[in-house]
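Our numbering runs 10 ahead of the 1-based position in the sequence shown.
For glycine and all other residues, C-beta sits at the position ideal for the given N, C-alpha and C.
This structure is a prediction, so every number in the text was calculated from the model and none was measured.
Scroll down for the structure; my scribbles are underneath it.
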Amino acid sequence: NVRAMFRICREAIPALKSRAKEKGRARIVNTASVMAFDTDYGLAAYCASKAGVGGLTRTLALELGKFNITANYVCPGAIYTGMTQGNFDKPEIREVWEKKAALRRLGQPIDIARGALLLASDEADFITGHELVVDGGLTLRT
11 NVRAMFRICR EAIPALKSRA KEKGRARIVN TASVMAFDTD YGLAAYCASK
61 AGVGGLTRTL ALELGKFNIT ANYVCPGAIY TGMTQGNFDK PEIREVWEKK
111 AALRRLGQPI DIARGALLLA SDEADFITGH ELVVDGGLTL RT
């Protein structure tokens, strides 16, 4: 997770600098996971890699700010996707996760997209190095 993110960002930086010079700003919006800070048994590599995405993104925010490039990351919680469908289609598993979230539902991909769009928008002009948790309140008690 973190190696690919590092390489993608490294390759994008020249284009982002050009865009910021031309348009006045540029954005990096990466994706980590709530598992970056809300760990579980048997997930050491996954959790460490997602935490690494956070560290990478915060460092990019610090280093690229002088070029008017912001860098932020979205941390999805329990999201119903093709990857998680096998688990969340089981009522007993779905109910457990829905009860954990303050909003009492699983997230949908559109929920993550909206968070990313916010961070990429003009409204986020003074937000950088930020971790936007999009989890319906799943991690409020952790």
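In the assembly as shown, Ala81 is a buried residue. Its beta-carbon has 16 or more other beta-carbons within 10 Å. Contact check for Leu72 against Ala111 fails: the beta carbons are separated by 8 angstroms or more. Counting along the chain, Thr67 sits inside the alpha helix (DSSP H) bounded by residues Ala54 to Leu74. Taking a contact to require three or more Cβ pairs closer than 8 angstroms, the segment 47 to 60 and the segment 92 to 107 do not qualify as touching.
Burial check for Ile79: the Cβ neighbour count within 10 Å reaches 16 or more, so the residue is buried. In summary, Ile122 is buried, with 16 or more beta-carbon neighbours lying within 10 Å of its beta-carbon over all protein chains present.
Within the same chain, Ser59, Gly62, Val63 and Leu66 come within 7 angstroms of Val12 by CB-CB distance, once the 5 residues on both sides are set aside. Contact annotation: the segment 128 to 143 does not touch the segment 99 to 115, with fewer than three C-beta pairs closer than 8 angstroms. Ile38 and Leu26 do touch by the CB rule: their CB atoms are close to 7 angstroms apart, below 8 angstroms. With contacts defined as CB atoms closer than 8 angstroms, Gly146 and Gly75 fail to qualify as a contacting pair.
For Glu141, the enclosing beta strand (DSSP E) covers residues Glu141 to Val144. Phe98 places its beta carbon 8 angstroms or farther from that of Ala30.
Tyr90 and Glu133 have their C-alpha atoms spaced approximately 28 angstroms apart. If you check the CB distance, Val84 and Leu150 do not come in under 8 angstroms. Rounded to whole angstroms, the gap between the alpha carbons of Met45 and Ala55 is 11 angstroms.
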